[in-house]
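Going by numbering that gives the first Met the number 0, the first residue of the sequence shown is number 0, and it counts up by one from there. Here a beta-carbon is modelled for each residue, glycine too, at the ideal position from N, C-alpha and C. Remember, it's a predicted structure, so these values are computed and weren't measured experimentally.
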Amino acid sequence: MKSNKNFLINQYISDKKLKITHNYLQKQFSDIESIIIEIRNLVDRGDFTLGIKVQEFEEKICKRTSAKFCVAVGSGTDAITLGLKACGIGYGDEVITTPYTFFGTIGGIKNSGAEPIFADICDDFNINPDEIRKKITNKTKAIVPVHWSGLICNMAEIKMIAQEYGLRIIEDACHCIDATLDGIHAGLFGDIGCFSLHPLKNLNVWGDGGYIITNDENLYDKLLLLRNHGQINRNEIEIIGHNSRLDSIQAIVAINIIENHLDKITKARRKNANNLNELLIEYENEGYLSLPRSPKNKMHVYHLYCLKVNNYRNEMLNFLIENGIDAKIHYPIPIHLQKPFQNKYKKGDMPVAELLSQRELSLPVHEFLSENDLNYIVDKIKVFFNSI
Ligand SMILES: *Cc1c(COP(=O)(O)O)cnc(C)c1O
Numbered sequence: 000m001k002s003n004k005n006f007l008i009n010q011y012i013s014d015k016k017l018k019i020t021h022n023y024l025q026k027q028f029s030d031i032e033s034i035i036i037e038i039r040n041l042v043d044r045g046d047f048t049l050g051i052k053v054q055e056f057e058e059k060i061c062k063r064t065s066a067k068f069c070v071a072v073g074s075g076t077d078a079i080t081l082g083l084k085a086c087g088i089g090y091g092d093e094v095i096t097t098p099y100t101f102f103g104t105i106g107g108i109k110n111s112g113a114e115p116i117f118a119d120i121c122d123d124f125n126i127n128p129d130e131i132r133k134k135i136t137n138k139t140k141a142i143v144p145v146h147w148s149g150l151i152c153n154m155a156e157i158k159m160i161a162q163e164y165g166l167r168i169i170e171d172a173c174h175c176i177d178a179t180l181d182g183i184h185a186g187l188f189g190d191i192g193c194f195s196l197h198p199l200k201n202l203n204v205w206g207d208g209g210y211i212i213t214n215d216e217n218l219y220d221k222l223l224l225l226r227n228h229g230q231i232n233r234n235e236i237e238i239i240g241h242n243s244r245l246d247s248i249q250a251i252v253a254i255n256i257i258e259n260h261l262d263k264i265t266k267a268r269r270k271n272a273n274n275l276n277e278l279l280i281e282y283e284n285e286g287y288l289s290l291p292r293s294p295k296n297k298m299h300v301y302h303l304y305c306l307k308v309n310n311y312r313n314e315m316l317n318f319l320i321e322n323g324i325d326a327k328i329h330y331p332i333p334i335h336l337q338k339p340f341q342n343k344y345k346k347g348d349m350p351v352a353e354l355l356s357q358r359e360l361s362l363p364v365h366e367f368l369s370e371n372d373l374n375y376i377v378d379k380i381k382v383f384f385n386s387i
């Protein structure tokens, strides 16, 4: 086997040229002994699928979010698919969502059988409720808002629209672990909240995983069936389901992080983002940059620290990388302009998403950055702006 089409094969191998990385995984898991002991115990018990560790994880999530119910599943994408299906949404239905997201949102909708319909975003990268209204047809059944980068959408407006038109809300809260609006955790504004445990999320495991939260017991009952073949007992199925279970091994990793690290992760990201905002404010005042802001009633968890660079974004990206700073673009092509949608949408259809995809630049914001790292990043940005 010579040809290698796995373009992600080196994604976690550290690039020695990069001084300040986006990826922090080697540091995060430098002490794994307590996890390994738990996994050894699990192997002794043979408790590999949907056993006590998965339940313990679900209980911890309920406690942390104040959700009544949690269902651990195979991925964040599956969480969206199962969430829609639990609400009875599928073939022939339309689901309104944002073009400014990771592909998993769209794959999750498509996998339910429903058709994603895009509505443009606001200046804070989140879906614009006025644009949602324009996209409603008699086929519309749900809204999937994505809480981009760690900041919850305008849920008061979105809930009003949903009530007015009888739509379900399935929140893509994959960026919003620990995030709140008026003290309420992301994922609890609509019918169902969807989260991912992918290694690069704020609560992360050693592979794929996801979870769903809801306060609706009927939806909870359906989700339990949907993730496990629709089985109501060993011999009977109630509905056609999926195989989408969180691995017990991953539940152990997640429990360990919730117990020992998650508070620190959230706190450090917020602190780093606030420090960057303070250090970069002069560039905002001079019109070079816009900084990520969060209104007082929203707790932003900075899964991403997204700047808007008004001019020379790509030049700034290259300059930072040349100087060892792992800046990234999330993302350069909004989904409505991706190949699968080329017959339905064209350039100019989503002007705000298209503009922000030209301006967005993410700086590292993870919990292992030191004050020196932040100062180094800001110094290089200063050098860049002095050079243009
Ligand atoms: C990561 C992510 C997903 C998909 O999660 P997976 O666990 O990779 O399937 C969906 N939506 C958003 C916004 C994400 O960031």
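Nonlocal neighbours in the same chain, by C-beta distance under 6 Å from residue i, ignoring five residues either side
i: L306; result: L288 and L360
Top-ranked residue by Cα proximity to residue i, from the options
i: N127; options: W147, C173 and Q10; result: W147
i: P144; options: G165, A185 and E163; result: A185
i: I116; options: N385, V364, G91 and L278; result: G91
i: P363; options: P98, A352 and N274; result: N274
i: G107; options: L303, C193, C175 and D14; result: C193
i: L279; options: A141, Q25 and K379; result: K379
Test: residue i CB closer than 8 Å to a CB of chain B
i: H335; result: Absent here is chain B; the protein component of the structure consists of one chain.
Coarse secondary structure for residue i, derived from DSSP in three states
i: N358; result: Contrary to the premise, residue 358 reads as Arg rather than Asn in this sequence. Looking at R358 - three-state DSSP - the assignment turns out to be helix.
i: L150; result: coil
i: F367; result: coil
i: C61; result: helix
i: Y304; result: strand
i: N227; result: strand
i: R44; result: helix
i: H174; result: coil
i: H335; result: helix
i: K346; result: coil
i: R312; result: helix
i: T80; result: helix
Beta-bridge partners of residue i, as assigned by DSSP
i: T96; result: F117 and V143
i: D246; result: T48
i: A71; result: Y210
i: R269; result: Paired residues: none, contrary to the question.
Buried/exposed call for residue i, threshold 16 Cβ in 10 Å
i: P389; result: The question about residue 389 has no answer here: the residues shown for the chain are numbered 0 through 387.
i: F6; result: exposed
i: N271; result: buried
i: Y11; result: exposed
i: D123; result: buried
i: K16; result: exposed
i: K266; result: exposed
i: K52; result: buried
i: R167; result: buried
Contacting residues, own chain, Cβ-Cβ under 7 Å from residue i (five flanking each side not counted)
i: L81; result: V72, I211, L222, L225, R226, H241 and S243
i: M154; result: L180 and F188
i: D207; result: G73, S74 and H197
Spatial neighbours of residue i in its chain, beta-carbon cut-off 8 Å, leaving aside the 5 residues before and after
i: F47; result: L41, D246, S247 and I248
i: E216; result: K67 and F68
i: M315; result: V308, A326, L360, I380 and F383
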